[in-house]
Amino acid sequence: MHSDEYFMSIAIDLSKRSKYPYGAIVVKNGKIIGRSDSITNVSKTIYSHAQLIAIEDALCGNDLMDGLVGCTLYSSCEPCLMAMEAILYSGINKLIYGINIEASNLYYNHIEDFSILDIVKKINPHMNIIGGVLEQKAMEVISDYNKKIIESDEKFIDIAIDISKKSFYPFGAIVVRDEKIIGRSDDNVPSKNTVFQHAELIAIDAAVSNIKDSISRGNLHECTLYTSCEPCMMCQEAILAEGISRIVYAATIEDSNQYFCKEYPVSVKEIINRSNSQIKLVEKLHRDKAIVVLKEHGPL
Ligand SMILES: [Zn+2]
Numbered sequence: 002m003h004s005d006e007y008f009m010s011i012a013i014d015l016s017k018r019s020k021y022p023y024g025a026i027v028v029k030n031g032k033i034i035g036r037s038d039s040i041t042n043v044s045k046t047i048y049s050h051a052q053l054i055a056i057e058d059a060l061c062g063n064d065l066m067d068g069l070v071g072c073t074l075y076s077s078c079e080p081c082l083m084a085m086e087a088i089l090y091s092g093i094n095k096l097i098y099g100i101n102i103e104a105s106n107l108y109y110n111h112i113e114d115f116s117i118l119d120i121v122k123k124i125n126p127h128m129n130i131i132g133g134v135l136e137q138k139a140m141e142v143i144s145d146y147n148k149k150i151i152e153s154d155e156k157f158i159d160i161a162i163d164i165s166k167k168s169f170y171p172f173g174a175i176v177v178r179d180e181k182i183i184g185r186s187d188d189n190v191p192s193k194n195t196v197f198q199h200a201e202l203i204a205i206d207a208a209v210s211n212i213k214d215s216i217s218r219g220n221l222h223e224c225t226l227y228t229s230c231e232p233c234m235m236c237q238e239a240i241l242a243e244g245i246s247r248i249v250y251a252a253t254i255e256d257s258n259q260y261f262c263k264e265y266p267v268s269v270k271e272i273i274n275r276s277n278s279q280i281k282l283v284e285k286l287h288r289d290k291a292i293v294v295l296k297e298h299g300p301l
């Protein structure tokens, strides 16, 4: 019989190969019967967490209710609220995980999760739960993933700043999905004095046009807007309306105020909080580079 560490190392290997840094397997009588990288009979959506994919794979089309009694779930990370629901319904008897939820939240681009293990233990006191198995290895995957995202953010914010150098006004923006630029503020360049043609609006507009299935607002989920300067209120409205998932900006509104022209000090962070949106925000990345462009352009 293989050890818990053996099976956990397989779950962690899956987490390295996944779009998001999580992996899970379901084991019955020492045999893997479900994997999070299985694509057969699994509907892939944004809600397809590793644990859910592994459970769905293990069920092989059978009912979820008590469909996995006698099974163990190995997950590189402590399951979230949603995955816990499926685990409880499935009748899984043993849950083994690597890192806890707090460690998972260190993932650069992660929505804050919280532990409900105490509730699960009350609902099913017979479930055997063991955490911290190969914790360090699971954490390394999160760290490596974070490094890749930060490198990617640095590459794309530099592109937005480069566009700002060549624009009529010293601002540049791009929209990126799956590492591909799908909208740029120098697409259909209005390199002239247009009042409402802000870089973010041009990039968002180009991105919407480039998405073939775009028939309504809100199609830019899973997209990141990289902009050389923190968006103004007008652009923030477009960001919310089109469902942008992440914003990475360089210079702040205050920087623009100081070096270029008057802007109203309504921070994007405040608007995100007020809108209850889950947009992720990366602030002041390569701010110094963007400030150089604002300074070189000079005041309006
Ligand atoms: Zn704007």
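Residue 232 in my numbering sits at position 231 of the sequence shown, and the numbers go up by one each step. Quick reminder that beta carbons are idealized off the backbone N, C-alpha and C, glycines included.
| said: Quick check on Y170: buried or exposed, where buried means 16 or more other Cβ atoms within 10 Å of its Cβ? | reply: buried
| task | Please report how far the alpha carbon of N147 lies from the alpha carbon of G31, in whole angstroms. | result | 33 Å
| field | Ordered list of alpha helix (DSSP H) runs contained in the segment 184-271, each at least 4 residues | value | 200-211, 234-243, 254-260
| said: Closer than 6 Å between the C-beta and any heavy atom of ligand 1: which residues qualify, listed along the chain? | reply: H199, E201, P232, C233, M235, C236
| request: Buried or exposed for C81, please, with buried defined as at least 16 other CB atoms from any protein chain shown within 10 angstroms of its CB. | output: buried
| query | Count the other CB atoms within 10 Å of the CB of G299; is the residue buried (16 or more) or exposed (fewer)? | reply | exposed
| Own chain partners of E201 with C-beta closer than 6 Å, once the 5 adjacent residues on each side are dropped | A174, T228, P232, C236
| said: Please classify D119 as buried or exposed, where buried requires at least 16 neighbouring CB atoms within 10 angstroms. | reply: exposed
| message | Which same chain residues end up closer than 6 Å to D67 when comparing Cβ atoms and leaving out the 5 residues on each side of it in sequence? | response | G92
| field | Buried versus exposed call for S210 [16 or more other C-beta atoms within 10 Å across all chains shown] | value | exposed
| said: Pop quiz: I254 and I280 are said to be a contact at Cβ under 8 Å. What is the actual Cβ separation, rounded to whole angstroms? | reply: Wrong, their Cβ atoms sit about 17 Å apart, outside the cutoff.
| Under a Cβ-count criterion, where at least 16 other Cβ atoms within 10 Å of its own Cβ denotes burial, should R18 be classed as buried or exposed? | exposed
| Where H298 sits in the DSSP three-state scheme | helix
| For the alpha helix (DSSP H) that N147 lies in, which residues bound it at each end? | 136-167
| query | Just how far apart, CA to CA, sit V70 and R36? | reply | 17 Å
| Do I164 and A251 have their C-beta atoms within less than 8 Å of each other? | no
| task | Starting from L96, follow the beta strand (DSSP E) in both directions and report where the run begins and ends. | result | 95-100
| Bridge partners - N129, DSSP secondary structure assignment | K95
| query | When DSSP builds the beta bridges, which residues end up paired with L118? | reply | According to DSSP, which records beta bridges pairwise, L118 is partnered with nothing at all.
| field | Selection from I88, L74, D14, F172 that minimises the alpha carbon distance to N125 | value | I88
| Quick one, which of M234, D38, Y98, I272 has its alpha-carbon nearest V134's? | Y98
| task | Put L282 into one of helix, strand or coil per three-state DSSP. | result | strand
| message | If the criterion is Cβ atoms closer than 8 Å, does the pair C78 and A59 meet it? | response | no
| request: Check whether the Cβ of N30 lies closer than 7 Å to any heavy atom of ligand 3, and answer yes or no. | output: Looking for ligand 3 in the displayed structure turns up nothing; the ligands present are ligand 1.
| field | Rounded C-alpha distance that separates K95 from M140 | value | 22 Å
| message | Please report the straight-line C-alpha distance between S76 and G62, rounded to a whole angstrom. | response | 21 Å
| said: As an exercise, report each continuous beta strand (DSSP E) stretch of at least 3 residues that is fully enclosed by the segment 12-81, in chain order. | reply: 25-29, 32-36, 72-78
| Whole-angstrom distance between L241 and E297, CA atom to CA atom | 31 Å
| Span of the beta strand (DSSP E), counted from its first residue to its last, around I112 | Run containing I112: none; DSSP gives neither H nor E here.
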